[in-house]
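Reading through the structure tokens given below for one structure.
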Amino acid sequence: MTDSPREVVEESVETLDSLVLHATDNGVSWITLNRPEAMNAVTRDQRERVISLLGDASADPAVRAVVITATGKGFCAGADLRSGAVGSTERVAGDVARTIRLGAQRLIGAVLDCEKPVIAAVNGTAAGLGAHLALACDLVLAAESAKFIEVFVRRGLVPDGGGAYLLPRLVGPQRAKELMFFGDSLPAAEAHRMGLVNRVVPAEELADTARAWAERLAGGPTRALALTKQLVNASLDSDRAGAFAAEAAAQEVNMTTADANEGVASFVERRTPKYRGL
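Numbering that gives the first Met the number 0 numbers the first residue of the sequence shown as 0 and each following residue consecutively.
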């Protein structure tokens, strides 16, 4: 007897849920890649699941921060090339550009556009798209054993997932070219020295540090943080007039929030503010 369509769908959802673990705790959405046997190389279905969860985090008032991490020895080894047709010799013109636009770029865009602060807790190797997934996050924590690799050149490929956009903004064009031209493994300590990582911690402290940072963000003024994220992300693409105009508009919007009023009131009353994310 064959499985019914409903049973097949339910089994597929259950399997996907096991490959991208998700839980919300104390206002923090935890997104965990869970294919340790593949160094967490991302399949199409996993990518769509992460994009969906980031969208949910933006829309859910109960979620006030996000952590992206992984199980095993790898944070993310990039896109799972075995699950696609990257090496196919039969292509229609425009197929590759469309695949990148709708795939890797959408994933990185979902991180950059998430309305809640996103922390990467990099537990191991972050290569290719995996490195860009981490670097797109607002804050990056790395275990001492973590490594970052611009692996594309090793495969004869051009960087995708916004790498040529993200890296120069983090380390400058010369350093970005060095990383992308040679594809050398960059240890976490060196990534920290270059400004790619906020903090490096022992592996056994990574989860606790990520939780502490995320819960601190979750207790903050959520709308102000979202607007601040938007301003910073747009700043390097703006001239001074545009940046100042965006700042003024953000101030106008933020001053209508309950948290802004609470922040001012708590200052006047000399007490600790209690932000509700509203």
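Every residue gets a Cβ at the ideal spot worked out from N, C-alpha and C, and that includes glycine.
- Where VAL91 falls, given that 16 or more other Cβ within 10 Å makes a residue buried: exposed
- Item | Residue closest to LEU32, alpha-carbon to alpha-carbon, out of CYS75, ALA163, ARG154 | CYS75
- Message: In the DSSP output, which residue or residues are listed as bridge partners for TRP212?
- Response: TRP212 pairs with nothing; no bridge assigned.
- Exposed or buried, which one is LEU216 when buried takes at least 16 other CB atoms within 10 Å? buried
- Query: Based on the DSSP output, what are the partners of PHE147 in its beta bridges?
  - Reply: ALA125, LEU185
- Give me the Cβ distance between VAL27 and GLU214, rounded to the nearest whole Å; I'm assuming they're in contact under 8 Å. 6 Å
- Item | Whether GLY77 touches ALA126 by CB criterion (8 Å) | yes
- Beta-carbon contacts of GLU36 that lie in its chain and below 8 Å, excluding the five residues immediately before and after: GLY71
- Measure the C-alpha to C-alpha separation of ALA223 and GLU89 and round it to an integer number of angstroms. 49 Å
- Alpha carbon to alpha carbon, how far is PRO172 from ALA190? 15 Å
- Select from ILE50, ALA206, GLY54, VAL65 the residue whose C-alpha is nearest the C-alpha of ALA103. ILE50
- Message: Suppose the cutoff is 6 Å on Cβ atoms and the five residues either side in sequence are ignored; what does the same chain contact list for ALA109 look like?
- Response: ILE50, LEU53
- Could you tell me if ARG48 is buried or exposed, where buried requires 16 or more neighbouring beta carbons within 10 angstroms of its beta carbon? buried
- Task: Tell me, to the nearest whole angstrom, how far the beta carbon of ILE118 is from that of ASP137; I am working on the premise that it is less than 8 Å.
- Result: 7 Å
- Task: Give the C-beta separation of VAL65 and LYS115 to the nearest angstrom, bearing in mind that I take them to be a contact with Cβ-Cβ under 8 Å.
- Result: 5 Å
- With distances taken Cα to Cα, identify the nearest neighbour of SER278 among LEU156, ILE30, LEU178. Shown here, the chain extends from 0 to 277; a query on residue 278 therefore has no answer.
- Reference GLU261; option with closest CA among ALA248, ALA163, ALA249, GLY276: GLY276
- Item | Per DSSP, the bridge partner or partners of LEU32 | VAL19, ALA69
- Task: Return the residue from the list CYS113, VAL157, GLY73 that minimises the CA-CA distance to ALA96.
- Result: VAL157
- Message: For GLY241 and ALA249, what's the separation of their Cα atoms in angstroms?
- Response: 12 Å
- Message: Cutting at 6 Å between CB atoms, please list the residues of its own chain near SER144, excluding the five before and the five after it.
- Response: ALA202
- Pairwise C-alpha distance: LEU20 and VAL231: 30 Å
- Cβ pair ILE67, ASP159 closer than 8 Å: no
- Out of ALA206, LEU140, GLU149, state which residue places its alpha-carbon closest to the alpha-carbon of SER184. GLU149
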